[in-house]
Amino acid sequence: ADEAAAKFQGDKEAYSMLLLNQAFGVNVNTLTNGFFKKSMIKKRIFMLYKERSRKTAVVKYGIFVPLLAAALLLSSATIRKNEQILAVAEQVQIEVAKDVVTEAISEKLNFSAEKSTEVTVAAPKVTSSTSKVEAHHDLEAFYKFVANNIKYPSTAANNHVQGNLIVSFTVTNKKLENIVVNPKLGYGADEETSLTLAKYNGSALADGQYSMKVEYRISGAFTKVLNENVVTKDGYIALNTITIMGFAKSDDENRIYSFASMENPPSYPGGMNKFYEFLAANIKFPEEAKAAEIEGKVFVSFIVDKDGSIVDTKVDRKLDYGADEEVVRVVKLS
């Protein structure tokens, strides 16, 4: 108590003088007092200035540690002798517990490296990802059906649209009902997904409510992925994610090459001489040009398409009087 009061006072000497003043009625300004033997007040003052012994603290901790160890040993021995705890422990199957732990660890390690089965259907590529599935164990027939029937919508492919959608449906007596797409992707993807699922007979699906994520991707496209973070519907059985892969056309496929720049340019059947012979045999001198006694040259350009047909025929230098139209007519016939 004296130590706490001295700390509150802030000065041990001032507090000591206060004790003397209260005990003996001595004025604090008096320098001496007439007592010569130790009294209670003198002991209190000595105790106030006395430092705590570190050896005592060490002894206290030395006694406490063995006591704590003994308490732990007694507690452990008590648990080992407890018949109720032992009875419960014997009922726990070690192999089952081991399998549960192994499965939990495997799921955690393989979460980001899911196995996938890739199926190619015509131009699109359909990938069914083996993720967390809580449905009937034999769904291979269902995924195979979706992979073989769903197509990348032409509207979405032509506009390089890629993204995700969530389709939910109900299976009752092996029949798919209440097919709903939400959120939608648009550009024909919602209709393609719904129509494909509506054709399935439901033989591999048990009765229940299902939700499935369908991803539409275009290889080589850099457009934004719509509905990127959508997830399957809560309260529904989550099916594997289905990925529909389309392939963007390369710019080289639509490139128009100059005839002179090509190492092996396309040629008319029989060679260019046959082409000139065809033109000479089929071009007729227009009557309008004859009447006006017009002579000259007509320059035309055209593109030979992939199938060999003549497209985009243009008159670069005109002669008029019906000559331009006649040349274009015959070139298109070639």
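Heads up, the sequence shown stops at 339 in the working numbering, and the numbers go up one at a time, no gaps.
All C-beta atoms, glycine included, are put in the ideal place defined by N, C-alpha and C.
- prompt: Which class does Asp329 belong to by DSSP, given the choice of helix, strand or coil?
  reply: In the structure shown, Asp329 adopts helical secondary structure according to DSSP, grouped into three states.
field: Proximity winner among Leu284, Val305, Leu324, Ile288, relative to Glu298 (alpha-carbon distances)
entry: Measuring from the Cα of Glu298, the nearest candidate turns out to be Leu324.
- prompt: DSSP three-state call for Asp195: helix, strand or coil?
  reply: helix
message: Three or more C-beta pairs under 8 Å: does that hold for the region 226-241 against the region 203-210?
response: no
message: By the DSSP assignment, the alpha helix (DSSP H) with Lys218 in it spans what residues?
response: That residue, Lys218, is in no alpha helix (DSSP H); its beta strand (DSSP E) goes 213-224.
message: What would DSSP say about Val172, mapped onto helix, strand or coil?
response: strand
- request: Quick one: using the 10 Å Cβ neighbour count with 16 as the cut-off for buried, is Val166 buried or exposed?
  value: buried
task: Closer than 7 Å by C-beta to Gly213: which residues in its own chain qualify, once you throw out the five before and the five after it? Chain order, please.
output: If you ignore the 5 residues before and after Gly213, its C-beta comes within less than 7 Å of the C-beta of Val176, Ile242, all in its own chain and listed in chain order.
- prompt: Is the beta carbon of Leu170 sitting closer than 7 Å to the one on Val219?
  reply: yes
task: Identify the continuous beta strand (DSSP E) that holds Lys319 and give its terminal residues.
output: 315-322
task: For the alpha helix (DSSP H) holding Lys238, just list the boundary residues, first then last.
output: Unbroken run through Lys238: none, as it is neither H nor E.
field: Where Met217 falls, given that 16 or more other Cβ within 10 Å makes a residue buried
entry: buried
Closest Cα partner of Gly313 within the set Leu72, Ser339, Met250, Glu282: Ser339
Inter-residue Cα distance where the pair is Gly327 and Lys319: 15 Å
task: Can you tell me which of the three DSSP states Gly67 falls into?
output: Helix at Gly67.
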